[in-house]
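Chains as they are written, first to last, in the numbering used here: chain A, 1398 to 1499; chain D, 27 to 260.
Beta carbons: idealized from backbone N, C-alpha and C, even for Gly.
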Amino acid sequence: MIWILIISAGIITFLTRYSMIAIVKKEYLTPKVRFILSYIPCAIFPSIIFPLIFLDPSGVFMFQHNPRILAGAFALMVGIFTKNIIATIISGLAVLYLLNNF
Amino acid sequence: MLSENQLFKKGIIDVSPSLMGVFPFGIIYGALGVEFGLSALETFMMSIIIFAGSSQLVFMQLFSLNANPYVILGSVGAVNARHFLYGAVISEHVNHLSKPWKITLSYLLTDQAFMFSNKYFIENKKVNNIHYHLLGTGFMLWFMWQISTLIGIILGSFIPEELGLNFAIPLTFLALIINDLKKPTYLLITLVSGTVSILTFNFPLKAYILISAASGILIAYLYSFRDENVKKFI
Chain A
1398 MIWILIISAG IITFLTRYSM IAIVKKEYLT PKVRFILSYI PCAIFPSIIF
1448 PLIFLDPSGV FMFQHNPRIL AGAFALMVGI FTKNIIATII SGLAVLYLLN
1498 NF
Chain D
27 MLSENQLFKK GIIDVSPSLM GVFPFGIIYG ALGVEFGLSA LETFMMSIII
77 FAGSSQLVFM QLFSLNANPY VILGSVGAVN ARHFLYGAVI SEHVNHLSKP
127 WKITLSYLLT DQAFMFSNKY FIENKKVNNI HYHLLGTGFM LWFMWQISTL
177 IGIILGSFIP EELGLNFAIP LTFLALIIND LKKPTYLLIT LVSGTVSILT
227 FNFPLKAYIL ISAASGILIA YLYSFRDENV KKFI
């Protein structure tokens, strides 16, 4: 049962990646479409980032006593000033660890 | 002009910084798989067959809750719907390739591979065989995802929770869009998408990602009516 599910999920995942590559012709991508597509990372990634920072594991909004907000804000500042991905991630993890343990 | 081999290596190097986020993510996924009661083989093969971190986590969570199989598959599809958009963007660079190439690159088309290779594609429009860059980013991420999954399975429950490694996931995605945040329109769309994701997080089928993306894209669509915005994309 689980193997059928895993393989089905694999096929679905592959088709979401493959379908547009297989079907789309270059002419469909007008400047307007490409302009809109350039915003896609900014339209999608925040929906992965925000819940993991502002919500607790059960999906409830958590503003007070939430060290992830401070850690995320610190990482954001480090990222803006250093433009370094590793520095951004490590600084955020370090601040969260310090806030949680000291 | 870079050779195919050099482009492949350039992809590997370009994507390397993101491994700081991907590797802990893989370890957490592997460790969670064991915790959710999946076998080591099932946990590992999910990384091979599905090869999409967030969908694998959603799959596992719902499976451990004995969710209906169609709800599980529907959720995986919803989480993965963002790939339609990646495929559409990438397609103009891989359109001329053979079917085996398209299948291989599709299988490897993850968030980070898209982000780093698309950036390279935009900055190097005239380079021949540019798809080797995507092969490099995709292969590196694939290889590290499998290794980190294995390490996670082995470490299992030994990783102390207070280490907070799962926080590397939002930090990775944050680092990936940080350069765009200096531009007001990108910042606005980021804030709207993020706010909507929190408001709709508890909607069924993990639809919050789709709803948030739709709200962000709607704003981009409205911006596209100003001709000067679109000009540089001609």
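What are the boundary residues of the alpha helix (DSSP H) that includes residue i?
i	result
methionine 86 of chain D	79-90
proline 230 of chain D	Premise fails: proline 230 of chain D is in no alpha helix (DSSP H) and is neither H nor E.
lysine 1429 of chain A	1428-1434
asparagine 192 of chain D	It is not in any alpha helix (DSSP H) - asparagine 192 of chain D carries neither H nor E in the DSSP assignment.
proline 210 of chain D	210-225
valine 153 of chain D	That residue, valine 153 of chain D, is in no alpha helix (DSSP H); it is neither H nor E in DSSP.
histidine 122 of chain D	Taken as a continuous stretch (DSSP letters only), histidine 122 of chain D belongs to no alpha helix (DSSP H), as it is neither H nor E.
lysine 35 of chain D	30-41
threonine 253 of chain D	Sequence check: residue 253 of chain D is aspartate here, not threonine. Residues 253-256.
serine 44 of chain D	Premise fails: serine 44 of chain D is in no alpha helix (DSSP H) and is neither H nor E.
asparagine 1498 of chain A	1482-1498
I'd like the list of long-range same chain contacts for residue i, defined as Cβ closer than 6 Å, with 5 residues on each side in sequence excluded.
i	result
isoleucine 76 of chain D	Gln82
serine 273 of chain D	Lying outside 27 to 260, the shown extent of chain D, residue 273 of chain D is not represented and no answer is given.
valine 289 of chain D	Because chain D in this structure spans residues 27 to 260, residue 289 of chain D falls outside the shown range and cannot be described.
alanine 107 of chain D	Leu236
tyrosine 212 of chain D	Asp206
tyrosine 112 of chain D	Leu135 and Phe140
serine 80 of chain D	Val105
Could you tell me the distance, in whole angstroms, from the CA atom of residue i to the CA atom of residue j?
i	j	result
glycine 103 of chain D	leucine 58 of chain D	21 Å
proline 1428 of chain A	valine 256 of chain D	6 Å
tryptophan 127 of chain D	phenylalanine 169 of chain D	18 Å
glycine 182 of chain D	isoleucine 1437 of chain A	35 Å
valine 115 of chain D	asparagine 144 of chain D	8 Å
histidine 122 of chain D	leucine 99 of chain D	32 Å
alanine 246 of chain D	leucine 67 of chain D	43 Å
serine 124 of chain D	serine 42 of chain D	28 Å
leucine 131 of chain D	arginine 1414 of chain A	9 Å
glycine 220 of chain D	proline 1448 of chain A	8 Å
leucine 88 of chain D	isoleucine 1446 of chain A	21 Å
aspartate 40 of chain D	asparagine 205 of chain D	16 Å
glutamate 254 of chain D	lysine 151 of chain D	22 Å
leucine 1434 of chain A	phenylalanine 251 of chain D	14 Å
methionine 86 of chain D	methionine 72 of chain D	10 Å
glutamine 32 of chain D	glutamine 138 of chain D	20 Å
tyrosine 55 of chain D	tyrosine 234 of chain D	21 Å
phenylalanine 1442 of chain A	histidine 109 of chain D	12 Å
isoleucine 1404 of chain A	valine 60 of chain D	19 Å
isoleucine 1477 of chain A	leucine 200 of chain D	11 Å
Excluding the 5 residues flanking residue i on each side, which residues of the same chain have their C-beta closer than 7 Å to its C-beta?
i	result
serine 1488 of chain A	Phe1471, Ala1472 and Val1475
alanine 1484 of chain A	Val1475
phenylalanine 49 of chain D	Met170 and Ser174
valine 265 of chain D	Residue 265 of chain D lies beyond the residue range present for chain D, which begins at 27 and ends at 260; the question has no answer from this structure.
Near residue i, which residues of its chain fall below 8 Å by C-beta distance, leaving aside the five closest residues on each side in sequence?
i	result
methionine 27 of chain D	Val153 and Asn154
methionine 46 of chain D	Ala194 and Thr198
isoleucine 1466 of chain A	Ile1450, Phe1451 and Phe1460
serine 1416 of chain A	none
Residue j and residue i - do their beta-carbons sit closer together than 9 Å?
i	j	result
alanine 1406 of chain A	alanine 239 of chain D	no
methionine 166 of chain D	glycine 37 of chain D	yes
leucine 248 of chain D	isoleucine 1399 of chain A	no
asparagine 92 of chain D	glycine 1456 of chain A	no
leucine 1496 of chain A	proline 1464 of chain A	yes
leucine 160 of chain D	valine 120 of chain D	yes
serine 1444 of chain A	serine 44 of chain D	no
threonine 69 of chain D	isoleucine 148 of chain D	no
leucine 1402 of chain A	proline 95 of chain D	yes
phenylalanine 34 of chain D	glycine 162 of chain D	yes
leucine 202 of chain D	isoleucine 1482 of chain A	yes
glutamate 30 of chain D	tyrosine 146 of chain D	no
Helix, strand or coil for residue i per DSSP?
i	result
phenylalanine 169 of chain D	helix
phenylalanine 1458 of chain A	strand
leucine 134 of chain D	coil
leucine 1452 of chain A	strand
leucine 7 of chain D	Outside the modelled stretch of chain D, which goes from 27 to 260, sits residue 7 of chain D, for which no answer is possible.
asparagine 1463 of chain A	coil
asparagine 94 of chain D	coil
methionine 1474 of chain A	helix
alanine 107 of chain D	coil
methionine 1398 of chain A	coil
serine 250 of chain D	coil
methionine 27 of chain D	coil
asparagine 205 of chain D	coil
isoleucine 1446 of chain A	helix
isoleucine 129 of chain D	helix
isoleucine 76 of chain D	coil
If you measure from the CB of residue i, is any heavy atom of the ligand HEM nearer than 8 Å?
i	result
phenylalanine 1460 of chain A	The ligand content of the structure shown is nil, which means the ligand HEM is not present either.
Would you verify that the beta carbon of residue i is, or is not, closer than 9 Å to some beta carbon of chain E?
i	result
isoleucine 1486 of chain A	The structure shown contains no chain E; its protein chains are A and D.
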